[in-house]
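Scroll down for the structure; my scribbles are underneath it.
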Amino acid sequence: MAGHSKWANIKHKKERSDAKRGKIFTRVIKEINVAAKLGGPDPDANPRLRLAIDKASEANMPKDTVTRAIQRGSGDVEGANYEEIRYEGYGVAGAAIIVDCLTDNRTRTVADVRHAFSKNGGNLGTDGSVAFMFKHCGQFLFPPGTSEEAVMEAAVAAGAEDVISDDEGGVEVICAPVDFAAVKDALAKAGLKAEIAEVTMKALTETEYSGEDGESLQTLLDALENLDDVQQVYTNAIIDS
11 MAGHSKWANI KHKKERSDAK RGKIFTRVIK EINVAAKLGG PDPDANPRLR
61 LAIDKASEAN MPKDTVTRAI QRGSGDVEGA NYEEIRYEGY GVAGAAIIVD
111 CLTDNRTRTV ADVRHAFSKN GGNLGTDGSV AFMFKHCGQF LFPPGTSEEA
161 VMEAAVAAGA EDVISDDEGG VEVICAPVDF AAVKDALAKA GLKAEIAEVT
211 MKALTETEYS GEDGESLQTL LDALENLDDV QQVYTNAIID S
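Here you go:
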């Protein structure tokens with residue numbers, strides 16, 4: 011990817027995400043609901059719930075809101091019953107896209123997702139059509155200038171699978187989803203704060219898109235991310251902005 015800066019792209023993605031912070035509370039509340047429903051209301055025994063609570067804290071969500079979301083998920087308080095659905099599809103020029111949703115109306119959600127794909131030059135695929143191109147993992151990204159040695163020492167001891175440095179000097183840590191919390195705690199204790207820390211679907215290989223293809227693909231990704239039932243959108247595309 012000559013001439014492309016990975017870290018410029020990461021900063022661009024974060025800025026776009028920050029601009030949509032109005033949707034963050036809704037998405038985190040849904041995630042807390044489902045995490046508590048599936049794994050119980052104790053974050054110490056429920057890694058997924060702990061991660062959702064951490065996201066709520068980062069978004070400055072009031073503690074009362076978090077507590078009510080946990081209570082609704084665990085059945086102590088009545089509320090919407092959300093289910094998880096994953097859709098897979100293709101964007102312009104064959105870009106692979108995964109769309110994770112939490113919904114209380116499956117019919118509405120699939121119609122909205124299919125419309126977003128078809129309206130913006132994409133195609134909704136079948137289950138498994140692109141998932142094999144991604145790895146479900148915990149990911150930590152540290153900006154150029156971070157000590158790879160310090161990151162490696164803390165992360166590997168906590169169970170990380172791999173520590174990778176890139177040509178720009180950035181450092182990436184990969185771990186199993188179940189080890190995410192332990193690795194995050196170990197890095198924090200070492201005084202290391204990642205630019206991005208999340209459990210994600212990481213593309214095994216990435217393809218750069220620019221010009222009209224890049225613009226069209228970004229329009230599709232925005233359309234999907236703006237849907238109320240969508241929690242996360244993953245792609246193997248790097249859009250050169």
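Here the sequence shown stands for residues 11 to 251, numbered as in the numbering used here.
Cβ coordinates follow ideal geometry from the N, Cα and C atoms, glycine included.
- Where residue 79 is concerned, the enclosing alpha helix (DSSP H) starts and stops at 73-84.
- Looking at the DSSP output, residue 237 sits in no beta bridge, so it has no partner there.
- Distances from the alpha-carbon of residue 43 to those of 241, 124, 189 put 241 closest.
- Counting only runs of at least 3 residues, the region 118-181 fully encloses the following beta strand (DSSP E) elements, listed from N- to C-terminal order: 144-152, 172-175.
- For the pair of segments examined, the region 184-191 was found not to touch the region 129-144: the number of CB pairs separated by less than 8 Å stays below three.
- With a 10 Å radius around the Cβ and a threshold of 16 neighbouring Cβ atoms, residue 174 comes out exposed.
- Counting every other CB atom within 10 Å of its CB across the protein chains shown gives residue 201 a total below 16, marking it as exposed.
- The alpha-carbon separation between residue 135 and residue 182 amounts to approximately 30 Å.
- Around the Cβ of residue 53, a 10 Å sphere holds 16 or more other Cβ atoms; the residue is buried.
- For the pair residue 197 and residue 204, the CB atoms are nearer than the 8 Å cut-off.
- Contact check for residue 246 and residue 106: beta-carbon distance about 5 Å, within the 8 Å limit, so the pair qualifies.
- Bounds of the beta strand (DSSP E) holding residue 113 are 106-113.
- DSSP places residue 69 in no alpha helix (DSSP H); its state is neither H nor E.
- Straight-line measurement puts the Cα of residue 81 at about 44 Å from the Cα of residue 219.
- Of the residues 168, 184, 152, the one whose Cα lies closest to the Cα of residue 177 is 152.
- Only residues of its own chain outside the window of five on either side were considered, and among them 31, 34, 35, 38 have a CB closer than 8 Å to the CB of residue 69, listed in chain order.
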